[in-house]
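Novice: Mapped onto the working numbering, the consecutive letters of the sequence shown carry residue numbers 22 to 298.
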Amino acid sequence: MADPWQDAMDHAVALARKAGTLVRDAVQNDMKVMLKSTSVDLVTQTDQKVEKLIIESVTKKFPTHCFIGEESVAAGEACVLTDSPTWIIDPVDGTTNFVHGYPFVAVCIGFAVNKQLEFGVVYSCIEDKMYTGRKGKGAFCNGEALLVSDQKDITQSIVASEFGSTRDPEVMDKVFSTMRKVLCLPVHGLRGAGSAAINMCHVAAGSVEAYYETGIHCWDFAASAVIVLEAGGVLMDVEGGPMDLMSRRVVAANCQVIAERIVKEIDAFQPTRDDAA
Ligand code: LIP
Numbered sequence: 022m023a024d025p026w027q028d029a030m031d032h033a034v035a036l037a038r039k040a041g042t043l044v045r046d047a048v049q050n051d052m053k054v055m056l057k058s059t060s061v062d063l064v065t066q067t068d069q070k071v072e073k074l075i076i077e078s079v080t081k082k083f084p085t086h087c088f089i090g091e092e093s094v095a096a097g098e099a100c101v102l103t104d105s106p107t108w109i110i111d112p113v114d115g116t117t118n119f120v121h122g123y124p125f126v127a128v129c130i131g132f133a134v135n136k137q138l139e140f141g142v143v144y145s146c147i148e149d150k151m152y153t154g155r156k157g158k159g160a161f162c163n164g165e166a167l168l169v170s171d172q173k174d175i176t177q178s179i180v181a182s183e184f185g186s187t188r189d190p191e192v193m194d195k196v197f198s199t200m201r202k203v204l205c206l207p208v209h210g211l212r213g214a215g216s217a218a219i220n221m222c223h224v225a226a227g228s229v230e231a232y233y234e235t236g237i238h239c240w241d242f243a244a245s246a247v248i249v250l251e252a253g254g255v256l257m258d259v260e261g262g263p264m265d266l267m268s269r270r271v272v273a274a275n276c277q278v279i280a281e282r283i284v285k286e287i288d289a290f291q292p293t294r295d296d297a298a
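Structure representation (structure tokens):
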């Protein structure tokens, strides 16, 4: 049977590439940096321009489809995932990297129907790496199939995480305490690309065994969630149990054993959910 969402996925890949060119060009130029939720939560005109480009183009081609976009939500739109085909967009994941010219910046497009993720496209545009995942059909980077690491021993692993976009001392205490515990398992190393999506693509590609973070948003990880699963990985909530796209928390790992081992070390907290009214 023909794939009902192939056309949408092809369009997402083409749009991510176009948007990525725009982002890459903008890195060379002076940019106006604005602030969102905190003084370390940055946004630029490029974030806004790229999201507009994607939404306008998708609306023309698929007029009935819905959107959850990082910058549209920042501008006051609701963040509600319905059963309708929905494009979940992070125009620039790793905005801080983008502002500083740190080379991990991704255009992320996730797509869900009946609240189930169908495909994800993450274009790491400075590296020119196009990651894609289609439910039931595998994950790829520049056309090469992706496979998670086969490591089952956390002490032989690299784990990725981030410091996030808040500097609330209570949150920072939990972030550091968790990092300390994970490091002292011990693991081979702790890494962070500065982009949730790229960290998760590194799990899918087998270069890190796991990634966890609390405080991210659905647009940061919807697209890469499909890529991790299709590369053979697992997704979990930071307290164990199923991953919840609106919860702002995720553990992505190469296997269940490693995901569960990390969950044991996490000092969990619950930020305001993405779908809180
Ligand atoms: C960023 C994430 C990063 C996380 C930040 C932020 P943005 O996304 O990818 O991993 O630590 O809090 O959410 O804001 O650059 O799209």
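The beta carbon of each residue, even a glycine, is placed where N, CA and C say it ideally should be. From a predicted model like this one, the values you see are computed outputs, not experimental measurements.
Specify, as a first and last residue, the run of the alpha helix (DSSP H) that residue 93 falls within.
Specialist: Against the sequence shown, residue 93 aligns to sequence position 72. 91-95 is the extent of the alpha helix (DSSP H) around residue 93.
Novice: Our contact map puts residue 236 next to residue 185 with C-beta atoms below 8 angstroms; I'd like the distance itself, whole angstroms only.
Specialist: Residue 236 sits at position 215 when you count from the first residue of the sequence shown. Residue 185 sits at position 164 when you count from the first residue of the sequence shown. Confirmed, about 4 angstroms.
Novice: Does the Cβ of residue 189 have 16 or more other Cβ atoms within 10 Å, making it buried, or fewer, making it exposed?
Specialist: Against the sequence shown, residue 189 aligns to sequence position 168. Burial call: exposed.
Novice: Among 113, 97, 183 and 280, which has the Cα closest to the Cα of residue 169?
Specialist: In the sequence shown, counting from the first residue as 1, residue 169 sits at position 148. Ranking 113, 97, 183 and 280 by Cα distance to residue 169 puts 280 first.
Novice: Under 8 angstroms Cβ to Cβ from residue 65, same chain only, skipping five residues before and after it: list those, please.
Specialist: In the sequence shown, residue 65 corresponds to position 44, counting from 1. For residue 65, where only same-chain residues beyond five positions count, the Cβ hits under 8 angstroms are 47, 52, 53, 54, 55, 113, 116, 119 and 120.
Novice: Using CA coordinates, which residue listed in 219, 205 and 173 is at the minimum distance from residue 275?
Specialist: Numbered from 1 along the sequence shown, position 254 holds the residue referred to as residue 275. Minimum Cα distance to residue 275 is reached at 173.
Novice: Per the contact definition of three or more C-beta pairs closer than 8 angstroms, is the segment 141-153 in contact with the segment 31-40?
Specialist: Flag = yes, the segment 31-40 and the segment 141-153 touch.
Novice: Determine the DSSP secondary structure at residue 257, reduced to helix, strand or coil.
Specialist: Numbered from its first residue, the sequence shown carries residue 257 at position 236. Correct three-state label for residue 257: strand.
Novice: Tell whether a beta-carbon distance below 9 angstroms holds between residue 231 and residue 251.
Specialist: For the purposes of this step, residue 231 is taken as residue 210 along the sequence shown, with counting starting at 1. For the purposes of this step, residue 251 is taken as residue 230 along the sequence shown, with counting starting at 1. No; because the gap between Cβ atoms is not below 9 angstroms, this pair is not in contact.
Novice: What span of residues does the alpha helix (DSSP H) with residue 285 cover, start to end?
Specialist: As a first step, residue 285 must be located in the sequence shown, where it is residue number 264. Element bounds for residue 285: 277-286.
Novice: If you measure from the CB of residue 63, is any heavy atom of the ligand LIP nearer than 8 angstroms?
Specialist: Residue numbering aside, residue 63 sits at position 42 when the sequence shown is read from its first letter. Within the cutoff, so yes.
Novice: Starting from residue 155, follow its DSSP beta bridges and name the residues at the other end.
Specialist: Locating residue 155 in the sequence shown gives position 134, counting from the first residue. 140 and 159, per the DSSP bridge assignment.
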